[in-house]
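Numbering (my numbering), first residue to last: 68 to 250.
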């Protein structure tokens, strides 16, 4: 075999090995990326569940504290009025000058702030899951990922969002015109 044929065969072998190596490397990379996104989505779904659970518990318990506080203040005022001012001796007018317990609305303000804060945190967690699913779908459906990723890794991520009945009804009907907050 002459030297030029040998060099040609070696060059073709190197090119073939390079192409095979590139294909294997890209297959590994894109499949690993798809699997990572699926794993991230599964983990984020658990984050959403624990975030929702914590939000519900915090708000429910904080609302219980504010209700208990309101009831305690109401009980104190009722007791003061019945003990001090029910004698009919004109002592009711002393109410103005006496130092009586004050109702502190800061617990309600804190509850309102926590509702907003925890809802935003929960929405952020759900938005993260949506973004992970979008990223996975884009990776699996665009070139070159669509060429390299195995079929079992292309399975679309199921996004389970926690929505209110009102939201689900608005999505179903395409109408949400109920703007009365206190209904």
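We put the beta carbon where it would ideally sit given N, CA and C, even for glycine. Remember, predicted model here, so these are calculated numbers, not experimental data.
Kindly indicate which residue of 249, 242, 209, 196 has the alpha-carbon position closest to the one of residue 113. Residue mapping note: residue 113 aligns to position 46 of the chain shown, counting from 1. Cα-wise, what sits closest to residue 113 is 196.
Do the CB positions of residue 133 and residue 97 come within less than 9 Å of each other? Here residue 133 corresponds to residue number 66 of the chain shown, with the count starting at 1. Here residue 97 corresponds to residue number 30 of the chain shown, with the count starting at 1. No, these two residues do not count as a Cβ contact at 9 Å.
Just how far apart, CA to CA, sit residue 220 and residue 102? Translated into positions along the chain shown, residue 220 becomes position 153. Translated into positions along the chain shown, residue 102 becomes position 35. About 6 Å.
With a CB to CB cut of under 8 Å and the five nearest residues on each side skipped, what residues in its chain are close to residue 69? Sequence index remark: in the chain shown, residue 69 carries index 2 (1-based). For residue 69, where only same-chain residues beyond five positions count, there are no Cβ hits under 8 Å.
Find the nearest neighbour of residue 247 within the set 233, 90, 146, 203, judged by alpha-carbon distance. In the chain shown, the residue the question calls residue 247 occupies position 180. That would be 233, whose Cα lies nearest to the Cα of residue 247.
Thinking just about the alpha-carbon of each residue, which of 243, 209, 192 is nearest to the one in residue 116? By one-based count along the chain shown, residue 116 stands at place 49. Closest option to residue 116, Cα to Cα, is 192.
Anyone know if the C-beta pair for residue 204 and residue 225 falls short of 9 Å? To locate residue 204, count along the chain shown from 1; it is residue 137. To locate residue 225, count along the chain shown from 1; it is residue 158. Result no, Cβ atoms of residue 204 and residue 225 do not sit closer than 9 Å.
I need the DSSP call for residue 142, collapsed to helix, strand or coil. Taking the first residue of the chain shown as 1, we reach residue 142 at position 75. Three-state result, residue 142: helix.
So, is residue 85 buried or exposed, given that buried needs 16 or more other C-beta atoms within 10 angstroms? Numbered from its first residue, the chain shown carries residue 85 at position 18. So residue 85 ends up on the exposed side.
Is residue 170 closer than 9 Å to residue 140 when the C-beta atoms are compared? Position 73 of the chain shown, counted from the start, is the residue given in the question as residue 140. Position 103 of the chain shown, counted from the start, is the residue given in the question as residue 170. Yes, Cβ-Cβ distance for residue 140 and residue 170 is below 9 Å.
Once DSSP output is grouped into helix, strand and coil, what is the label at residue 149? As a first step, residue 149 is located in the chain shown; it is residue number 82 there, counting from the start. The answer is helix: DSSP assigns residue 149 an H, G or I state.
Helix, strand or coil for residue 223, going by three-state DSSP, please let me know. As a first step, residue 223 must be located in the chain shown, where it is residue number 156. Residue 223: coil per DSSP, three-state reduction.
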